[in-house]
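Chains as they are written, first to last, in this note's numbering: chain Y, 174 to 508; chain Z, 303 to 435. Backbone N, C-alpha and C define an ideal beta-carbon position, used for all residues, glycine too. Working notes, structure below.
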Amino acid sequence: MTAKDALTERYQDLLSVYLKAKTETTLYKGQQFSRKLLEQQISPEDLVSLHIQVMDELFPDMTEEMRDSFDFLLEAMIGYGFAYREHQSLRDKQQQLESEIEVAASMQQTLLLSDVPEFEELDIGVVSVPAKKMNGDYYNFVKSGSSLSVAVADIIGKGIPAALCMSMIKYAMDSLPEEQMKPHLLLENLNRVVEQNVNSNMFITMFHGVYEPESHKFFYAGAGHEPGFIYEAKEDRFHDLIAKGLVLGVSRTTTYHPYERIIEVGDMVILLSDGVTECRTSKGFIEREEIVSLIRNYMDLPAQQIVQNVFQELDRLQGFELRDDFTLIILKRMV
Amino acid sequence: MDIQSCVEVRNEWDIVSARQLGRNMAKELGFGNVDQARITTAISELARNIYLYAGRGKICIEPIDQLGRKGLRIVALDNGPGIREIRKVMEDGYTTSGGLGAGLPGVKRLMDEFSIESTVDVGTEISATKWLR
């Protein structure tokens, strides 16, 4: 028996039972039957044709008008069949696209995975979570000599275009000269690359810093990036970590201001993307002070646990629906 | 019944004549109700395209027999403006006027075989086949 014959038989059974005793049970079975029809991709006009066939068998004496009316119904259903098939084909296409994006996203993950280097003096924590499948935030750690270079960038925009753009930033950074480069000079270099290669409607904000363990100096510069925080253990206070500068890609000749400060034992450098500060709850945007107080709650934990806890809290506050890519990095001087 | 029959398409009434021609032939060949309805819908769509975009053209219907396999072929011909981007019109959701809403990709799915040739400023030839099962 073919699948179609089986369906016909089942439909005939259900229909005759229903016509004899019009029970809700049979109607419920009818509803379940329709699920089976969809599973087997039976289109609406096929169902009408099935109905006609079954009615012909159940009521051989059906009036001609009744019989003809079914043919008319069949004709009228063709448009729905049209739409049904288009829907199926679009759904297939969507699945295909999604699996392609899946592949691209996992490729991006491998490309951008930055190992967190080990430092005796520093405890480092990082969390970076994309809002959609692909991440428009970028972070990078490099241990060069004894110092640590850290970068956070955010491409204005989300999704695939941002991700593509970010891959370019990664390669631009990788191709910069190996020797230690001061953050403001690195930004100037990248700015030229971005200005030349990226569409003028796309901008990138970036923060770059270098920590020198010998002098305990933190050199940094910013290109329009969301300010991070500095925690001063001595005063037990958080300050904004401000580094002024134009976003990357606006003008070829932009220069960046060099900043530096001493990091004392117990101090923390907190870097983030605007996905952190633009967390929205039902009460509106989250205030920077709220982020500070979240960090303060977990401050005594290791850096990785602090960032994870802060992320989880903010994720929960937003109903587990990130609106923007989220990156939070904490560097804590231990000794 | 071996010769192809054609209907000139110049106005909306001709679409009905083309449908009628297709339905008669489909019935004669032994197509069931559903396939008859699919074939006539495909004819409607192709004839409508001629009427809307080319102004005039013709729809030809022919029975086919390939090594005992029987079927029906619809050929839609016009000397209209042609289609610049065939790939685009074969995409779902690309319809420039109301119609049945599914356009050429819909016709392709209603039939078993489908081919289209079009030259800008020369015209378009679409042929679609349905096999008897």
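Check: Taking DSSP's pairing of strands, which residues face Y:L421 in a bridge?; Outcome: Y:I377
Check: For Y:K266, decide whether its Cβ has a neighbour in chain Z, counting only Cβ atoms nearer than 9 Å.; Outcome: yes
Check: Using only the alpha-carbon positions, how far apart do Y:N364 and Y:S319 sit?; Outcome: 26 Å
Check: Check the C-beta distance from Y:Q281 over to Y:N308 and give it rounded, since I have them as a contact under 8 Å.; Outcome: 7 Å
Check: Just the C-alpha distance for Z:A349 and Z:G384, rounded to the nearest angstrom, thanks.; Outcome: 15 Å
Check: Alpha carbon to alpha carbon, how far is Y:L223 from Y:R240?; Outcome: 13 Å
Check: CA-CA distance, Y:H430 and Y:A416?; Outcome: 8 Å
Check: So Y:G382 and Y:P350 are supposed to be a Cβ contact under 8 Å. How far apart are they, rounded?; Outcome: With a Cβ gap of about 18 Å, Y:G382 and Y:P350 do not count as contacting.
Check: Which term fits Y:Y344, buried or exposed, when burial requires 16 or more other beta carbons within 10 angstroms of its beta carbon?; Outcome: exposed
Check: If we define contact as Cβ-Cβ less than 9 Å, is Y:E230 a contact residue for chain Z?; Outcome: no
Check: Does the contact criterion of 3 or more C-beta pairs under 8 Å hold for the segment 427 to 442 of chain Y versus the segment 383 to 401 of chain Y?; Outcome: yes
Check: Does any residue of chain Y have a CB that is nearer than 9 Å to the CB of Z:A339?; Outcome: yes
Check: Measuring only the C-alpha atoms, how far is Y:S279 from Y:K305?; Outcome: 13 Å
Check: Exposed or buried, Y:A476, counting other C-beta atoms within 10 Å across all chains shown (16 or more means buried)?; Outcome: buried
Check: So, does the segment 312 to 322 of chain Z touch the segment 397 to 412 of chain Y, judging by three or more C-beta pairs under 8 Å?; Outcome: no
Check: Are the CB atoms of Y:G457 and Y:L495 nearer to each other than 9 Å?; Outcome: no
Check: I want to see whether chain Z comes within less than 9 Å of Y:E271, judged by CB atoms only; does it?; Outcome: no
Check: Are the Cβ atoms of Z:G359 and Z:G382 separated by less than 9 Å?; Outcome: yes
Check: In terms of alpha-carbon separation, which member of Y:V276, Y:V221 and Y:L246 lies closest to Y:S207?; Outcome: Y:V221
Check: Looking only at its chain, what residues have a beta carbon closer than 8 Å to the beta carbon of Z:T398, apart from the 5 residues adjacent to it on each side?; Outcome: Interpretation of Z:T398 is limited by its pLDDT of 46, a score under 50 that renders its predicted location unreliable; no figure is taken from the coordinates.
Check: Report the neighbours of Y:S262 on chain Z: residues whose CB is nearer than 9 Å to its CB, in chain order.; Outcome: D394, P407 and R411
Check: When every heavy atom of the ligand GDP is checked, does at least one fall within less than 8 Å of the C-beta of Y:K266?; Outcome: The ligand GDP is not part of this structure, which contains no ligands at all.
Check: Given a cut-off of 9 Å, decide if Z:L374 and Z:T431 are closer than it, judged by their beta-carbon atoms.; Outcome: yes
Check: With a threshold of 16 other CB atoms inside 10 Å of the CB of Y:I503, please say whether the residue is buried or exposed.; Outcome: buried
Check: Between Z:G334 and chain Y, is any beta-carbon pair separated by less than 9 Å?; Outcome: yes
Check: Out of Y:Y257, Y:D219, Y:I459 and Y:V302, state which residue places its alpha-carbon closest to the alpha-carbon of Z:D337.; Outcome: Y:D219
Check: Using the beta-carbon count (16 or more within 10 Å), is Y:K209 buried or exposed?; Outcome: exposed
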